[in-house]
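A.B. asks: Got a structure for you, written out below as structure tokens; questions coming shortly.
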Amino acid sequence: MEQPTAPGQGTVLETDRLLLRPWQVSEAAVQREMWTERDPRVPAHRRIDADGRPTVEDVEGWIRTRSQPDSLGLLAAERKGSGDVIGYCGLIDNTHGPDGEPEIAFELLRRAWGQGYATEAAGAVVGWAQASGYRRLWATVRDWNGASRQVLAKLGFAETGRVEPDEVHGDSLFLAKHL
1 MEQPTAPGQG TVLETDRLLL RPWQVSEAAV QREMWTERDP RVPAHRRIDA
51 DGRPTVEDVE GWIRTRSQPD SLGLLAAERK GSGDVIGYCG LIDNTHGPDG
101 EPEIAFELLR RAWGQGYATE AAGAVVGWAQ ASGYRRLWAT VRDWNGASRQ
151 VLAKLGFAET GRVEPDEVHG DSLFLAKHL
């Protein structure tokens, strides 16, 4: 992985097959497509609602108003060979653990599942976190999400024993990785 660009320029991470970089407004339809593909067990506020929201226009607005990430943010995952965006990976504010210890997050379009892209992207983001001076990363994952649990295990995340029960959407497991 190459080092991220200098602060203020927006972070760009590179792996063998991917560029992880800030989102472009023209890619809003890709983000919305992920919303449409989400498992029905995902909480309603993270799925398309009865009014069809978020719309592509809503997502375009989100992209326009977000600042370029330097040590936190969700980066678009672009395949180098084709230039298509297949999802995102990055660091978000952690609302479940100690302040200053971010959470890793990733999501890919279904057509990109099972090809190792999530592990590749998340590995680059773990390196970004370490280079940014973080000492520990967190992750939350639904118990039923075996694929994401496998990605996190491959990267050395360990279950903490903390579980947030949810009979409707599935229990959330809390994982951590020391850097």
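Counting from 1, position 76 in the sequence shown corresponds to residue 76 in the UniProt record's numbering; the numbering is continuous, with no gaps. For each residue, glycine too, the CB sits at the ideal point set by N, CA and C.
Please list the segments of the alpha helix (DSSP H) lying wholly inside the UniProt domain "N-acetyltransferase" (32-179), counting only runs of 4 or more residues, in order along the chain.
C.D. replies: The UniProt domain "N-acetyltransferase" (32-179) contains these whole alpha helix (DSSP H) runs: 56-65, 117-131, 146-154.
A.B. asks: Tell me whether residue 95 is buried or exposed, calling it buried when 16 or more other Cβ atoms sit within 10 Å of its Cβ.
C.D. replies: Answer is exposed; the Cβ neighbour count stays below 16.
A.B. asks: Taking the C-alpha atoms as reference points, what is the distance between residue 102 and residue 134?
C.D. replies: One C-alpha to the other measures close to 8 Å.
A.B. asks: Assuming residue 43 and residue 169 make a contact with CB atoms under 8 Å, what is their CB distance in whole Å?
C.D. replies: Contact holds; Cβ gap of about 5 Å.
A.B. asks: Give me the residue from 109, 104, 121 with the minimum Cα distance to residue 137.
C.D. replies: Residue 137 has its Cα closest to that of 104, out of 109, 104, 121.
A.B. asks: Nearest-angstrom Cα distance between residue 73 and residue 66?
C.D. replies: Near 9 Å, if we compare the C-alpha coordinates of residue 66 and residue 73.
A.B. asks: Below 8 Å on the Cβ atoms is my guess for residue 123 versus residue 152; work out the distance and round it to an integer in Å.
C.D. replies: That pair is no contact at about 11 Å.
A.B. asks: Please identify the residue among 157, 164, 125, 62 whose C-alpha is closest to the C-alpha of residue 143.
C.D. replies: Closest by alpha carbon: 164.
A.B. asks: For the 8 Å Cβ check, are there 3 or more pairs between the region 21-37 and the region 56-63?
C.D. replies: Contact holds: three or more Cβ-Cβ distances are below 8 Å.
A.B. asks: Please classify residue 11: does DSSP put it in a helix, a strand, or coil?
C.D. replies: Residue state, collapsed to three classes: coil.
A.B. asks: Kindly indicate the opening and closing residues of the beta strand (DSSP E) around residue 21.
C.D. replies: Start and end: 18-21.
A.B. asks: Round the Cβ separation of residue 109 and residue 33 to the nearest angstrom and send it over; I've been treating them as touching at under 8 Å.
C.D. replies: Confirmed, Cβ separation roughly 6 Å.
A.B. asks: For residue 159, which residues in the same chain have their Cβ closer than 8 Å to its Cβ, ignoring the five residues on either side in sequence?
C.D. replies: Hits under 8 Å: 173, 174, 175.
A.B. asks: Kindly indicate which residue of 100, 161, 117, 106 has the alpha-carbon position closest to the one of residue 132.
C.D. replies: Checking every option, the nearest Cα to that of residue 132 belongs to 100.
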